[in-house]
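A.B. asks: This is the structure I have questions about; it appears just below.
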Amino acid sequence: VGLGRWVLREACHQLGEWQLALPATSSLTMSVNLSVRQLVSENIVQEVRDAIEDAGIDPSTLTLEITETTLMHDTELTRQRLSELRDLGVSLAVDDFGTGYSSLQYVQRFPIDIIKIDRTFVTGLGTNPGDSAVVQSMIELSQRLGVHTVAEGIDRPEQVTLLQSLGADLGQGYLFSKPVPASQIDALLDASPHENP
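Heads up, the sequence shown is in my numbering, so the first residue is 83 and it goes up one at a time.
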């Protein structure tokens, strides 16, 4: 929990610095993973509130990501914590969606804003009809539930084209950028033609 708290505080602080240094990135958002232990911690809501306030960022620019298996852990407490976190104004995302045991109907019972479609389904887009059907179903059901979708693991332009045609909201993967240290983000943001890479 100590490491998770440090990561949260550092991420919020760094986001605040980028937003101040690069005014064009004022709507830049950041996602931070929360572990099960963090989520069920009695102090998590206050820790998130403190990190946001100390960094001086708008809560809507922070997305907290949990894995779908986290949703299965003490569902009543999980629902309560997620509701309290969402009341702060942050967005909540389910990472690696489709690899665990949940379904979109299960996600519907939680205050979730975003599902991140796992790369195992995105990899086969355009070559595996089964993956395309699963991704299409996830996107369609998400849209009906008012939940945004992010496709993970995009590494080919044809995947982008297919995902756009299926209605995916956002994507991430090596096609856009490999992971880079914070010290290189300024240059990446300056070079990006998009407001929010």
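Even for Gly, the Cβ is constructed at its ideal location relative to N, Cα and C.
Quick caveat, the model's predicted, so the values are computed rather than measured.
Could you give the residue range of the beta strand (DSSP E) that holds D177?
C.D. replies: The sequence position of residue 177 within the sequence shown is 95, counting from 1. Per DSSP, D177 belongs to the beta strand (DSSP E) from 173-179.
A.B. asks: Between the alpha carbons of H276 and R119, how many angstroms are there, rounded?
C.D. replies: Here residue 276 refers to the residue found at position 194 of the sequence shown. Here residue 119 refers to the residue found at position 37 of the sequence shown. With a pLDDT of 49 at H276, under the threshold of 50, the modelled position of this residue cannot be trusted; read the value that follows with caution. One C-alpha to the other measures close to 35 Å.
A.B. asks: For a quick check, are the C-beta atoms of P193 and L170 less than 8 Å apart?
C.D. replies: As a first step, residue 193 must be located in the sequence shown, where it is residue number 111. As a first step, residue 170 must be located in the sequence shown, where it is residue number 88. No, Cβ-Cβ distance for P193 and L170 is not below 8 Å.
A.B. asks: Starting from A215 and walking both ways along the alpha helix (DSSP H), at which residues does that stretch end?
C.D. replies: Counted from its first residue, the sequence shown places residue 215 at position 133. Run containing A215: 211-227, per the alpha helix (DSSP H) assignment.
A.B. asks: State buried or exposed for N278, treating a residue as buried only when at least 16 other CB atoms are found within 10 Å of its CB.
C.D. replies: Start at 1 with the first residue of the sequence shown, and residue 278 comes out as number 196. Its pLDDT being 43, under 50, N278 is placed unreliably by the model, and nothing is read from it.
A.B. asks: Quick check: the segment 196-204 against the segment 157-166, are at least 3 beta-carbon pairs closer than 8 Å?
C.D. replies: Too few Cβ pairs lie closer than 8 Å, so no.
A.B. asks: What are the boundary residues of the beta strand (DSSP E) that includes H95?
C.D. replies: Locating residue 95 in the sequence shown gives position 13, counting from the first residue. Not the beta strand (DSSP E): H95 falls in the alpha helix (DSSP H), residues 84-103.
A.B. asks: For a test of the three-state rule: what should DSSP assign to S265, helix, strand or coil?
C.D. replies: Residue 265 sits at position 183 when you count from the first residue of the sequence shown. If DSSP states are grouped into helix, strand and coil, S265 belongs with the helices.
A.B. asks: Assign T151 to one of three DSSP states: helix, strand, or coil.
C.D. replies: Taking the first residue of the sequence shown as 1, we reach residue 151 at position 69. In the structure shown, T151 sits in a helix (DSSP, three-state: H, G or I).
A.B. asks: In whole angstroms, give me the CA-to-CA distance for A250 and G138.
C.D. replies: If you number the sequence shown from 1, residue 250 lands on position 168. If you number the sequence shown from 1, residue 138 lands on position 56. Approximately 31 Å, taken between the alpha carbons.
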